[in-house]
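Count along the sequence shown starting at 1, add 33, and that's the number in our numbering.
For each residue, glycine too, the CB sits at the ideal point set by N, CA and C.
These numbers come from a predicted model, not from an experiment.
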Amino acid sequence: MTRETWATRAGFILAAAGSAVGLGNIWRFPWVTADNGGSAFLLVYLAIVLLVGVPGLLGEFVLGRRGKKSPVGAFRDLSGSRTWGLWGVFYVVTAIALISFYSVVGGWILRYFGESALGLAGAQPAYFTEPGAYFGAASAGLDALGFHLLFLGLTAVVVYAGVRRGIELGTKVMMPAVLALLIGLAVWAGTRPGAAEAYAFYLSFDLATIRANFFDVLGPAAGQALFTLSLGAGTMITYASYIDEDRSLPFDGTVIAVLNTLVGVLAGLVVFPLLFSLGVDPSQTAPGPGALFVGLAGAFSQLPAGALVATAFFGVVVLAALSSSISMLEIPVSFLVDEYGLSRPQAVALVTVAVVVTGGICAINPTIAGVGVFGFVAGPLVDTLLTAGLAAVLVFVGWVMGRDAVTELRSGAGGVTDALATPWLLAAGVVLPIFLLFTLLTNFGVDASIGFWPTVGVAVLVAAAAFLGVRTDRSLV
Ligand code: TRP
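#1: Run the proximity test for residue 57: is its beta-carbon closer than 6 Å to any non-hydrogen atom belonging to the ligand TRP?
#2: At what residues does the alpha helix (DSSP H) containing residue 269 begin and finish?
#3: Take the Cβ of residue 144 as the centre, count every other Cβ of all protein chains shown within 10 Å, and call the residue buried at 16 or more, exposed below.
#4: On the three-pair Cβ rule with 8 Å, is the segment 129-137 touching the segment 387-399?
#5: Taking the straight line between their C-alpha atoms, what separation do you get for residue 414 and residue 422?
#6: Grab the span of the alpha helix (DSSP H) containing residue 504 for me, first residue to last.
#7: According to DSSP, which residues form a beta bridge with residue 405?
#8: Please identify the residue among 68, 252, 51 whose C-alpha is closest to the C-alpha of residue 301.
#9: Can you find the residues in the same chain that come closer than 7 Å, C-beta to C-beta, to residue 424, ignoring five residues on each side of it along the sequence?
#10: Take residue 58 and list the residues in its own chain whose beta-carbon comes closer than 7 Å to its own, dropping the five residues that flank it on each side.
#11: Would you call residue 451 buried or exposed, if buried means 16 or more other Cβ atoms sit within 10 Å of its Cβ?
#12: Rounded to whole angstroms, what's the CA-CA distance from residue 147 to residue 160? Just pull it up for me.
#13: Does the segment 307-324 come close enough to the segment 471-491 that 3 or more CB-CB pairs lie under 8 Å?
#14: Using the Cα positions of residue 85 and residue 271, report the straight-line distance between them to the nearest angstrom.
#15: By Cβ distance, which residues of its chain are closer than 8 Å to residue 70, with the 5 residues on each side in sequence left out?
#16: Just tell me which of 141, 286, 122, 396 has its CA closest to the CA of residue 266.
#17: Short of 8 Å in beta carbon distance, which residues of its chain neighbour residue 34, apart from the five on each side in sequence? Order them along the chain.
#18: Quick one: Cα of residue 76 to Cα of residue 259, how far?
#19: Fully enclosed by the segment 307-380, which alpha helix (DSSP H) runs are 4 residues long or longer?
#20: Beta carbon of residue 212, beta carbon of residue 303: below 7 Å?
#21: Once DSSP output is grouped into helix, strand and coil, what is the label at residue 34?
#22: Which runs of the alpha helix (DSSP H) spanning at least 4 residues fall entirely within the segment 406-477, listed in chain order?
#23: Does the structure place the segment 353-365 close enough to the segment 326-338 that three or more beta carbon pairs sit under 8 Å?
#24: Is it buried or exposed for residue 371, if we count other Cβ within 10 angstroms and need 16 for buried?
#25: Of the choices 505, 94, 63, whose alpha-carbon is the least far from that of residue 283?
#26: Specify whether the segment 108-115 and the segment 444-462 touch according to this definition: at least 3 beta carbon pairs, one from each stretch, less than 8 Å apart.
#27: Any idea if residue 78 is buried or exposed, counting beta-carbon neighbours within 10 angstroms, 16 or more meaning buried?
#28: Could you give the residue range of the alpha helix (DSSP H) that holds residue 168?
#29: Quick one: grab the DSSP three-state call for residue 176.
#30: Quick one: residues in its chain with C-beta nearer than 6 Å to the C-beta of residue 180, no 5 flanking neighbours on either side, listed in chain order?
#31: Cutting at 6 Å between CB atoms, please list the residues of its own chain near residue 231, excluding the five before and the five after it.
#32: When you compare only the Cα positions, how much space is there between residue 263 and residue 156?
#33: Alpha carbon to alpha carbon, how far is residue 163 from residue 177? Give it in angstroms, no decimals.
#34: Any heavy atom of the ligand TRP closer than 6 Å to the beta-carbon of residue 361?
#35: Can you list, in chain order, the residues of its chain with a C-beta nearer than 6 Å to that of residue 225? Leave out the 5 residues immediately preceding and following it.
#36: Where are the alpha helix (DSSP H) runs, 4 residues long or more, that stay fully inside the segment 110-145, in chain order?
Laid out in C-alpha cells, this is it:
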C-alpha cells in the first residue's frame with residue numbers, strides 16, 4: 034500500500050496549522066500569559082516562537098519528510114539504529130499524555146457549546162448566572178468524564194476517516210472559521226469598558242519588568258511556545274511524512290508559525306478586555322485554567338444576543354480543538370499502523386480505549402501526594418516531555434542526519450533557503466538543544482539552587498555528551 038499524501042497543496046499547511054491552532058492558543062495562552070505578568074511574558078514568548086519555534090518546526094519537518102514514517106520508523110530508518118527506534122516510542126507516550134488532558138479540556142468546551150446552544154431556545158445558558166461556580170462543578174468529576182468521552186469519540190471518528198477525507202477536509206473548514214470569529218470578537222471586546230486597562234496589561238512592553246522577570250518566565254514561555262506549535266511530540270514529524278518533496282518547508286513553516294501566533298495574540302485581545310470589563314485584574318489574581326470560561330461567560334451574559342455569540346464562539350473552539358486533538362491521536366495510530374501492521378480502524382480503536390482510561394483519570398482528577406493529576410499532566414509533565422522531545426529531534430537532525438538534513442530542507446525551497454540552511458542546522462543542532470536543556474533545568478529549579486552559570490554549564494555538558502554520543506560521519510560539525 035502506498036503511503037497517503039495530502040490531496041491538495043493547501044492540505045498540509047492547513048492540517049499543520051490546524052494542529053498548531055487549538056486550545057493552546059485560545060485557552061492555555063491567555064491564562065499562562067496572565068499568570069506570568071502579561072506583557073512581560075508576551076515579548077519573551079514571541080521571541081522564543083521566532084528563534085526556537087520556527088527552527089524547531091523545520092527540524093521536525095525535515096525528519097518527517099526524509100523519514101516518510103511516524104517518529105519510531107523515521108528515527109530508526111534514518112539512523113539505522115534500533116536504539117533510536119526505541120527512542121521514538123517516547124513520542125507515542127508523550128502524545129498519549131497530551132491527549133489525556135487535552136480531551137478533558139475539549140470536553141469542557143463541548144459542554145459550554147451545548148449549554149450555549151440550549152440557551153438559544155429561550156432560557157439563558159446555565160453558566161451565565163454563576164460563571165465561577167459553574168466552571169468549578171463542570172471541570173472535574175463524573176460530568177467532566179462524560180464530556181471527555183464525547184470529545185475523544187469525535188476525535189477518533191476523524192482520525193478513523195484517514196488523512197485526506199478526515200484530517201485534511203476537516204481542517205479546511207475549521208481554520209478560516211476560527212480566524213474570522215476571533216477577529217470579530219476581538220473588535221467587539223475592544224469596545225468594552227475594560228479594554229484600555231487590558232491593552233496596558235497585555236501590550237505595554239516595559240523593558241525593566243521584562244529584565245526583572247526574564248528567567249522566571251523563560252520556562253513557561255518556552256513550554257507554551259512548543260505546546261502551541263505542536264512541537265516535541267512527533268506531530269509535525271508525522272504530518273510532514275505525508276508531504277511531497279516539492280513543497281518548501283521553510284515557507285510552510287513560516288506561514289504556520291505566523292498564523293498560529295496571530296490566533297494566540299487575537300485570543301488575548303478577546304479574553305483580556307473581557308476579564309477587565311468584569312473587574313477581574315489578572316495582575317492581582319491569577320485567573321488559572323478557568324480564565325477563558327469564566328471571563329467569556331461573564332461577558333457573553335451581558336451581550337444582547339449573548340447565547341448566540343457564545344454558541345458561535347464555543348462552536349469554533351470545538352473545531353479548533355478537534356483539529357489539534359486529531360493530530361495527537363494520529364501519532365500512536367500511525368505508530369501501530371506503520372510498525373505493527375494494524376489496520377487504521379484497529380489502531381484507532383486500541384488507542385481510543387487506552388485514552389478512555391488515561392484521560393478518564395485526568396477528568397476525575399484525583400489528588401495524589403497533594404498534587405492534582407490534571408494540573409500535573411497539563412503543566413509540568415507535558416512541558417518536560419515536549420522540551421525533551423524537541424531537544425532530541427534537534428540533536429538527531431544536527432548530528433545523525435547532518436548534511437542530509439540540509440539537503441532535505443533545500444528540497445522544494447527557493448534560493449533564500451540555500452544560504453540559510455547551514456546556519457539553520459548549526460542553530461538547530463547546537464544552540465537550541467542547549468537552550469532547551471537549560472529551560473528544562475530551570476523548570477526543575479536547578480538555577481535557583483546552583484545559580485545561573487553553573488546551570489548553563491550543566492546544559493552545555495549534557496548536550497556535548499549527547500552530540501558526541503550520536504555523532505555520525507554526516508554530522509556537520
Ligand atoms: N498545538 C495544539 C494547541 O495549541 C496542541 C497540540 C496538538 C500539540 N498536537 C500537539 C501540542 C503536539 C504538543 C505536541 O492546542
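Result, derived from the coordinates:
#1: yes
#2: For residue 269, the enclosing alpha helix (DSSP H) has its first and last residue at 268-273.
#3: buried
#4: Under the 8 Å Cβ criterion, the segment 129-137 counts as touching the segment 387-399, having at least three qualifying pairs.
#5: 12 Å
#6: Premise fails: residue 504 is in no alpha helix (DSSP H) and is neither H nor E.
#7: 400
#8: 68
#9: 466, 469, 470
#10: The residues are 261, 293, 296, 297, 300.
#11: Counting other Cβ atoms within 10 Å of its Cβ, residue 451 stays below 16 and is therefore classed as exposed.
#12: 11 Å
#13: no
#14: 20 Å
#15: 242, 246, 250, 316
#16: 122
#17: Below a pLDDT of 50, predicted positions are generally treated as unreliable, and residue 34, at 40, falls in that range; the measurement from the model is reported next regardless. None.
#18: 15 Å
#19: 324-334, 339-373
#20: no
#21: Confidence at residue 34 is low in this model, with a pLDDT of 40, below 50, so its placement is unreliable and no value can be given for it.
#22: 406-409, 415-429, 436-443, 448-459, 465-476
#23: no
#24: buried
#25: Comparing Cα-Cα distances from residue 283 to each of 505, 94, 63, the minimum goes to 94.
#26: They do not touch, by the three-pair rule.
#27: buried
#28: Its alpha helix (DSSP H) spans residues 164-171.
#29: helix
#30: 140, 143, 144
#31: 305, 306, 309
#32: Rounded to the nearest angstrom, the two C-alpha atoms are 39 Å apart.
#33: 18 Å
#34: Because some heavy atom of the ligand TRP lies under 6 Å away, the Cβ of residue 361 counts as near it: yes.
#35: 306, 310
#36: none
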